[in-house]
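Undergrad: Before we start, here is the structure in question, set down as C-alpha coordinates.
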Amino acid sequence: MSRYAVGDLQGCLKPLQCLLNEVGFQAERDQLWLVGDLVNRGPDSLETLRYLYSIRNSLRITLGNHDLHCLALARGATDRGRHPSLEALLNAPDCGQLMDWLQQQALVLRSDDGRYLMSHAGIPAKWSSEQALSLSNEIETVLQGPEANNFFTAMYGNDPLLWNNALSGLPRLRAITNHLTRMRISNAQGELELQFKGALADIPEGYRPWFEWHKPNARSETLIFGHWAALECQTGRDDIIALDSGCVWGREMTILDMDSGELHRCDCNS
1 MSRYAVGDLQ GCLKPLQCLL NEVGFQAERD QLWLVGDLVN RGPDSLETLR
51 YLYSIRNSLR ITLGNHDLHC LALARGATDR GRHPSLEALL NAPDCGQLMD
101 WLQQQALVLR SDDGRYLMSH AGIPAKWSSE QALSLSNEIE TVLQGPEANN
151 FFTAMYGNDP LLWNNALSGL PRLRAITNHL TRMRISNAQG ELELQFKGAL
201 ADIPEGYRPW FEWHKPNARS ETLIFGHWAA LECQTGRDDI IALDSGCVWG
251 REMTILDMDS GELHRCDCNS
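Note that UniProt numbering has the sequence shown beginning at 1, numbered continuously upward.
Right under this line is the structure:
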(Lines of atoms letter the chains of each structure in order from A and count residues from 1; the text may use other names and numbers.)
(Lines give C-alpha, C1' and ligand atoms only; values in the text may rest on other atoms or scores of the structure.)
Protein backbone atom coordinates (compact mmCIF):
# COMPACT_ATOMS: atom_id res chain seq x y z
CA MET A 1 0.00 0.00 0.00
CA SER A 2 1.16 3.50 -0.88
CA ARG A 3 -0.11 6.61 0.90
CA TYR A 4 -0.60 10.01 -0.67
CA ALA A 5 -1.80 13.38 0.68
CA VAL A 6 -3.22 16.03 -1.61
CA GLY A 7 -3.86 19.72 -1.14
CA ASP A 8 -7.12 21.65 -1.35
CA LEU A 9 -9.24 20.35 -4.25
CA GLN A 10 -12.00 22.98 -4.16
CA GLY A 11 -13.95 21.20 -6.87
CA CYS A 12 -11.01 20.77 -9.26
CA LEU A 13 -11.43 17.14 -10.30
CA LYS A 14 -9.29 16.95 -13.44
CA PRO A 15 -6.03 18.04 -11.75
CA LEU A 16 -6.67 15.50 -9.00
CA GLN A 17 -7.13 12.72 -11.54
CA CYS A 18 -4.00 13.92 -13.35
CA LEU A 19 -1.97 13.55 -10.14
CA LEU A 20 -3.46 10.18 -9.24
CA ASN A 21 -2.57 8.89 -12.70
CA GLU A 22 0.94 10.29 -12.39
CA VAL A 23 1.66 8.48 -9.12
CA GLY A 24 -0.15 5.29 -10.18
CA PHE A 25 -2.75 5.49 -7.43
CA GLN A 26 -4.99 2.42 -7.20
CA ALA A 27 -8.03 2.79 -4.95
CA GLU A 28 -8.23 -0.92 -4.18
CA ARG A 29 -4.64 -0.89 -2.89
CA ASP A 30 -3.56 2.63 -1.88
CA GLN A 31 -4.68 5.31 0.55
CA LEU A 32 -5.39 8.97 -0.26
CA TRP A 33 -5.38 11.66 2.43
CA LEU A 34 -7.38 14.81 1.68
CA VAL A 35 -6.44 17.92 3.62
CA GLY A 36 -9.87 19.55 3.29
CA ASP A 37 -11.73 22.12 1.19
CA LEU A 38 -12.90 19.42 -1.18
CA VAL A 39 -15.54 21.74 -2.67
CA ASN A 40 -16.38 25.33 -3.60
CA ARG A 41 -15.06 27.84 -6.15
CA GLY A 42 -13.80 25.23 -8.63
CA PRO A 43 -15.73 23.93 -11.65
CA ASP A 44 -16.69 20.41 -10.48
CA SER A 45 -17.72 20.30 -6.82
CA LEU A 46 -20.50 17.79 -7.46
CA GLU A 47 -18.44 15.45 -9.64
CA THR A 48 -15.48 15.75 -7.27
CA LEU A 49 -17.57 14.57 -4.32
CA ARG A 50 -19.17 11.83 -6.40
CA TYR A 51 -15.75 10.55 -7.42
CA LEU A 52 -14.42 10.68 -3.87
CA TYR A 53 -17.51 8.92 -2.57
CA SER A 54 -16.94 6.15 -5.11
CA ILE A 55 -13.47 5.49 -3.62
CA ARG A 56 -14.41 6.39 -0.03
CA ASN A 57 -12.91 3.24 1.48
CA SER A 58 -9.49 4.41 0.31
CA LEU A 59 -9.76 7.92 1.76
CA ARG A 60 -8.88 9.70 4.97
CA ILE A 61 -10.32 13.21 5.13
CA THR A 62 -10.05 16.27 7.34
CA LEU A 63 -12.76 18.87 6.80
CA GLY A 64 -11.94 22.42 5.73
CA ASN A 65 -13.86 25.64 6.23
CA HIS A 66 -15.42 25.38 2.76
CA ASP A 67 -16.62 21.86 3.49
CA LEU A 68 -18.25 22.98 6.74
CA HIS A 69 -19.86 25.92 4.96
CA CYS A 70 -21.24 23.60 2.28
CA LEU A 71 -22.70 21.37 4.98
CA ALA A 72 -24.31 24.38 6.68
CA LEU A 73 -25.88 25.43 3.38
CA ALA A 74 -27.11 21.92 2.63
CA ARG A 75 -28.63 21.57 6.11
CA GLY A 76 -30.39 24.94 5.87
CA ALA A 77 -28.40 26.38 8.78
CA THR A 78 -27.36 29.42 6.72
CA ASP A 79 -28.22 31.04 3.41
CA ARG A 80 -25.30 33.47 3.24
CA GLY A 81 -22.18 33.04 1.16
CA ARG A 82 -23.77 30.64 -1.31
CA HIS A 83 -21.24 30.38 -4.14
CA PRO A 84 -22.54 29.62 -7.67
CA SER A 85 -20.07 26.71 -7.93
CA LEU A 86 -22.05 24.86 -5.25
CA GLU A 87 -25.46 25.06 -6.94
CA ALA A 88 -25.18 21.80 -8.89
CA LEU A 89 -24.10 19.97 -5.74
CA LEU A 90 -26.75 21.45 -3.47
CA ASN A 91 -29.49 20.70 -6.02
CA ALA A 92 -28.29 17.19 -6.92
CA PRO A 93 -30.52 14.18 -6.15
CA ASP A 94 -27.66 12.55 -4.25
CA CYS A 95 -26.74 15.67 -2.27
CA GLY A 96 -28.15 14.21 0.95
CA GLN A 97 -26.09 11.05 0.63
CA LEU A 98 -22.92 13.02 -0.11
CA MET A 99 -23.51 15.41 2.79
CA ASP A 100 -24.24 12.55 5.20
CA TRP A 101 -20.88 11.05 4.26
CA LEU A 102 -19.01 14.36 4.46
CA GLN A 103 -20.47 15.03 7.89
CA GLN A 104 -18.83 11.86 9.23
CA GLN A 105 -15.30 13.14 8.62
CA ALA A 106 -12.74 14.42 11.11
CA LEU A 107 -10.89 17.71 11.65
CA VAL A 108 -7.61 16.10 12.72
CA LEU A 109 -6.16 12.71 11.74
CA ARG A 110 -3.02 10.85 12.72
CA SER A 111 -1.54 8.09 10.61
CA ASP A 112 -1.52 4.59 12.06
CA ASP A 113 2.28 4.57 12.15
CA GLY A 114 2.32 7.90 14.03
CA ARG A 115 4.38 9.56 11.32
CA TYR A 116 1.86 12.19 10.20
CA LEU A 117 -0.74 14.47 11.76
CA MET A 118 -3.09 16.26 9.36
CA SER A 119 -5.60 19.07 9.66
CA HIS A 120 -6.91 21.65 7.22
CA ALA A 121 -5.39 24.86 8.60
CA GLY A 122 -2.78 23.51 11.01
CA ILE A 123 -2.30 22.78 14.71
CA PRO A 124 -1.63 25.58 17.24
CA ALA A 125 1.76 25.33 18.92
CA LYS A 126 0.17 25.32 22.37
CA TRP A 127 -1.85 22.17 21.61
CA SER A 128 -0.24 18.77 21.97
CA SER A 129 -1.03 16.23 19.28
CA GLU A 130 -3.23 14.32 21.71
CA GLN A 131 -5.12 17.50 22.60
CA ALA A 132 -5.64 18.34 18.94
CA LEU A 133 -7.10 14.88 18.30
CA SER A 134 -9.30 15.17 21.38
CA LEU A 135 -10.60 18.60 20.39
CA SER A 136 -11.26 17.34 16.88
CA ASN A 137 -13.29 14.54 18.41
CA GLU A 138 -15.44 17.11 20.20
CA ILE A 139 -16.43 18.58 16.84
CA GLU A 140 -16.93 15.15 15.27
CA THR A 141 -19.27 14.17 18.11
CA VAL A 142 -21.38 17.28 17.55
CA LEU A 143 -21.39 16.88 13.76
CA GLN A 144 -22.67 13.35 14.10
CA GLY A 145 -25.23 14.13 16.78
CA PRO A 146 -28.59 15.92 17.20
CA GLU A 147 -26.97 19.33 17.82
CA ALA A 148 -25.26 19.50 14.42
CA ASN A 149 -27.53 22.20 13.00
CA ASN A 150 -27.10 24.36 16.09
CA PHE A 151 -23.36 24.06 15.59
CA PHE A 152 -23.60 25.00 11.90
CA THR A 153 -25.58 28.11 12.81
CA ALA A 154 -23.16 29.15 15.57
CA MET A 155 -19.82 28.28 13.95
CA TYR A 156 -19.63 31.57 12.02
CA GLY A 157 -17.68 34.40 13.61
CA ASN A 158 -14.16 35.09 14.85
CA ASP A 159 -14.54 35.12 18.62
CA PRO A 160 -12.95 33.88 20.76
CA LEU A 161 -9.63 34.52 19.04
CA LEU A 162 -7.53 33.22 21.93
CA TRP A 163 -7.77 29.59 22.99
CA ASN A 164 -8.57 28.84 26.62
CA ASN A 165 -9.05 25.31 27.92
CA ALA A 166 -11.89 26.59 30.10
CA LEU A 167 -14.02 27.61 27.11
CA SER A 168 -17.35 25.81 26.96
CA GLY A 169 -20.46 25.46 24.83
CA LEU A 170 -20.71 26.97 21.38
CA PRO A 171 -17.83 29.47 21.87
CA ARG A 172 -15.54 26.51 22.58
CA LEU A 173 -16.72 24.66 19.47
CA ARG A 174 -16.29 27.80 17.35
CA ALA A 175 -12.77 28.34 18.67
CA ILE A 176 -11.76 24.75 17.94
CA THR A 177 -13.20 25.00 14.44
CA ASN A 178 -11.50 28.31 13.68
CA HIS A 179 -8.10 27.07 14.86
CA LEU A 180 -8.31 23.87 12.82
CA THR A 181 -9.97 25.20 9.65
CA ARG A 182 -9.28 28.96 9.37
CA MET A 183 -6.00 29.72 11.17
CA ARG A 184 -3.09 31.31 9.30
CA ILE A 185 -1.30 33.70 11.66
CA SER A 186 -1.21 34.40 15.38
CA ASN A 187 0.69 36.54 17.87
CA ALA A 188 3.01 35.40 20.65
CA GLN A 189 0.07 34.79 22.98
CA GLY A 190 -1.60 32.54 20.40
CA GLU A 191 -4.33 35.02 19.48
CA LEU A 192 -5.49 34.52 15.92
CA GLU A 193 -5.88 37.10 13.16
CA LEU A 194 -8.55 35.56 10.95
CA GLN A 195 -8.92 38.31 8.37
CA PHE A 196 -5.45 37.85 6.92
CA LYS A 197 -5.15 35.76 3.72
CA GLY A 198 -2.01 37.19 2.13
CA ALA A 199 1.61 36.27 1.56
CA LEU A 200 4.35 35.99 4.17
CA ALA A 201 5.76 39.41 3.28
CA ASP A 202 2.44 41.06 4.13
CA ILE A 203 1.87 39.66 7.61
CA PRO A 204 1.04 42.50 10.03
CA GLU A 205 3.47 43.47 12.77
CA GLY A 206 3.26 41.34 15.89
CA TYR A 207 2.01 38.25 14.06
CA ARG A 208 3.75 35.24 12.56
CA PRO A 209 2.60 32.17 10.63
CA TRP A 210 1.14 29.67 13.11
CA PHE A 211 3.86 27.15 12.27
CA GLU A 212 6.69 29.52 13.19
CA TRP A 213 5.61 29.30 16.82
CA HIS A 214 6.38 25.56 16.75
CA LYS A 215 9.84 24.54 17.89
CA PRO A 216 11.57 22.50 15.15
CA ASN A 217 10.79 18.80 15.38
CA ALA A 218 8.98 19.30 18.70
CA ARG A 219 6.40 16.68 17.72
CA SER A 220 6.91 13.06 16.85
CA GLU A 221 4.69 13.59 13.79
CA THR A 222 5.15 15.61 10.63
CA LEU A 223 2.28 18.07 10.27
CA ILE A 224 0.35 18.27 7.00
CA PHE A 225 -1.99 21.17 6.25
CA GLY A 226 -3.55 23.16 3.41
CA HIS A 227 -5.82 26.24 3.48
CA TRP A 228 -3.21 28.96 2.83
CA ALA A 229 -2.83 29.23 -0.96
CA ALA A 230 -0.79 32.46 -0.81
CA LEU A 231 1.86 30.59 1.16
CA GLU A 232 2.66 28.64 -2.04
CA CYS A 233 3.60 25.58 0.06
CA GLN A 234 6.62 27.37 1.57
CA THR A 235 7.07 26.71 5.29
CA GLY A 236 10.88 26.59 5.30
CA ARG A 237 10.91 23.37 7.32
CA ASP A 238 10.70 19.61 6.86
CA ASP A 239 8.48 18.80 9.84
CA ILE A 240 5.52 20.93 8.66
CA ILE A 241 4.32 20.44 5.08
CA ALA A 242 1.91 22.79 3.28
CA LEU A 243 -0.05 21.35 0.36
CA ASP A 244 -2.37 24.12 -0.86
CA SER A 245 -0.62 25.39 -3.99
CA GLY A 246 -3.58 27.41 -5.27
CA CYS A 247 -5.11 25.12 -7.89
CA VAL A 248 -8.46 26.90 -7.80
CA TRP A 249 -6.61 30.16 -8.50
CA GLY A 250 -5.10 28.72 -11.68
CA ARG A 251 -1.77 27.58 -10.25
CA GLU A 252 -1.03 23.96 -9.30
CA MET A 253 -2.36 21.04 -7.31
CA THR A 254 0.17 19.24 -5.13
CA ILE A 255 0.30 15.65 -3.91
CA LEU A 256 2.72 14.23 -1.35
CA ASP A 257 3.99 10.66 -1.40
CA MET A 258 3.76 10.11 2.35
CA ASP A 259 6.25 7.24 2.27
CA SER A 260 9.03 8.74 0.15
CA GLY A 261 8.37 12.44 0.87
CA GLU A 262 8.34 13.21 -2.84
CA LEU A 263 6.04 15.96 -4.12
CA HIS A 264 4.22 15.88 -7.47
CA ARG A 265 2.40 18.81 -9.03
CA CYS A 266 -0.14 19.27 -11.82
CA ASP A 267 -0.68 22.57 -13.65
CA CYS A 268 -4.31 23.51 -13.09
CA ASN A 269 -4.47 25.51 -16.31
CA SER A 270 -3.70 22.49 -18.50
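Quick reminder that beta carbons are idealized off the backbone N, C-alpha and C, glycines included.
Keep in mind that this is a model prediction, so the values were computed, not measured.
(1) Could you compute how far the alpha carbon of D169 sits from the alpha carbon of E147?
(2) Whole angstroms are fine: how far does the CA of A242 sit from the CA of Q144?
(3) Is the beta carbon of L173 sitting closer than 8 Å to the one on I139?
(4) With 16 as the cutoff for other CB atoms within 10 Å, does R110 come out buried or exposed?
(5) DSSP on E232, reduced to helix/strand/coil?
(6) Should P15 go down as buried or exposed, given a rule of 16 or more other Cβ atoms within 10 Å for buried?
(7) Which of the three DSSP states is assigned to A88 in this structure?
(8) What residue ranges within the UniProt domain "Calcineurin-like phosphoesterase" (4-137) form continuous alpha helix (DSSP H) runs of no fewer than 4 residues, ordered along the chain?
(9) Tell me the rounded alpha-carbon separation between H227 and D37.
(10) Are the CB atoms of H83 and R41 nearer to each other than 8 Å?
(11) Whose C-beta lies closer than 8 Å to the C-beta of Q103 among residues of the same chain, with five residues either side of it excluded?
(12) Taking the alpha helix (DSSP H) that R265 falls in, what are its first and last residues?
(13) Got a sec, what are the start and stop residues for the beta strand (DSSP E) L223 sits in?
(14) What are the start and end residues of the beta strand (DSSP E) that includes L256?
TA: Quick look at the numbers:
(1) Looking at the sequence itself, residue 169 is Gly, so the reference to Asp does not match. So the two alpha carbons sit approximately 11 Å from each other.
(2) Taking the straight line joining both Cα atoms gives about 28 Å.
(3) yes
(4) buried
(5) coil
(6) Under this definition P15 is a buried residue.
(7) helix
(8) List check, alpha helix (DSSP H) in window: 13-23, 45-54, 65-74, 87-90 and 95-102.
(9) 8 Å
(10) yes
(11) L71, L143, Q144 and A148
(12) Taken as a continuous stretch (DSSP letters only), R265 belongs to no alpha helix (DSSP H), being part of the beta strand (DSSP E) at L263 to D267.
(13) T222 to F225
(14) E252 to D257
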